[in-house]
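Numbering (the UniProt record's numbering), first residue to last: 1 to 121.
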């Protein structure tokens with residue numbers, strides 16, 4: 001769970017946004033069709049990425065609490081997301097044993113890494 005001046009509580013397929021200082025409820029974000037696994041803020045705090053067991057990564061405009069992009073490409077549950085320091089790219093990792101680097105502006109995969117099995121002697 002990442003921190004920005006908001007607290008995010010995610011339960012199953014929805015997650016709620018609460019103001020950290022006042023404790024007031026701000027919004028409920030709906031869009032995933034399976035359990036939300038992780039969230040990450042971009043460096044500006046204006047974008048939020050979420051990933052889910054539904055195999056998707058979603059980008060949210062955190063000023064309006066609306067989903068602006070859904071990123072497709074994993075073949076299994078997506079377990080982790082993290083913005084790179086520039087905020088231009090997002091990294092996701094999934095149970096399909098892949099890591100993907102997404103260009104935030106376009107939603108396209110720019111790099112794709114797969115695990116390999118190394119057998120010892």
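The beta carbon of each residue, even a glycine, is placed where N, CA and C say it ideally should be.
What residues are listed by DSSP as bridge partners for residue i?
i           : result
residue 25  : 18
residue 41  : 48
residue 114 : 98
residue 61  : 47 and 66
Who are the near neighbours of residue i in its chain, counting only those whose CB is closer than 7 Å to its CB and skipping five residues on each side?
i          : result
residue 3  : The predicted position of residue 3 is uncertain, since its pLDDT is 48 and thus under 50; a value taken from the coordinates is nonetheless stated next. Closer than 7 Å at Cβ, skipping near neighbours: no residue.
residue 33 : 13 and 54
residue 63 : 46
Please name the residue, chosen from the options, that lies closest to residue i on a Cα-to-Cα basis.
i           : options             : result
residue 80  : 46, 19 and 98       : 98
residue 31  : 18, 41, 52 and 25   : 52
residue 41  : 89, 112, 96 and 100 : 89
residue 103 : 85, 76 and 116      : 85
residue 111 : 63, 119 and 73      : 73
residue 14  : 105, 65 and 91      : 65
residue 87  : 43, 115, 78 and 116 : 43
residue 76  : 100, 106 and 118    : 100
residue 115 : 96, 61, 23 and 56   : 96
residue 93  : 113, 60 and 118     : 113
Which residues in the same chain as residue i place their Cβ atom closer than 6 Å to its Cβ, once the five residues preceding and following it in sequence are excluded?
i          : result
residue 1  : Since pLDDT at residue 1 reaches only 44, below the 50 mark, its modelled position is unreliable, and the value read off the structure follows with that caveat. Taken in chain order, the list of residues that qualify is empty.
residue 58 : 31, 50, 67 and 70
residue 82 : 40 and 91
residue 25 : 18
residue 61 : 68
Assuming residue i and residue j are in contact, meaning their beta carbons sit under 8 Å apart, how far apart are those beta carbons, in whole angstroms?
i          : j          : result
residue 16 : residue 28 : 5 Å
residue 39 : residue 49 : 7 Å
Whole beta strand (DSSP E) elements within the UniProt repeat "WD" (71 to 112), 3-residue minimum: 78 to 83, 89 to 94 and 98 to 103
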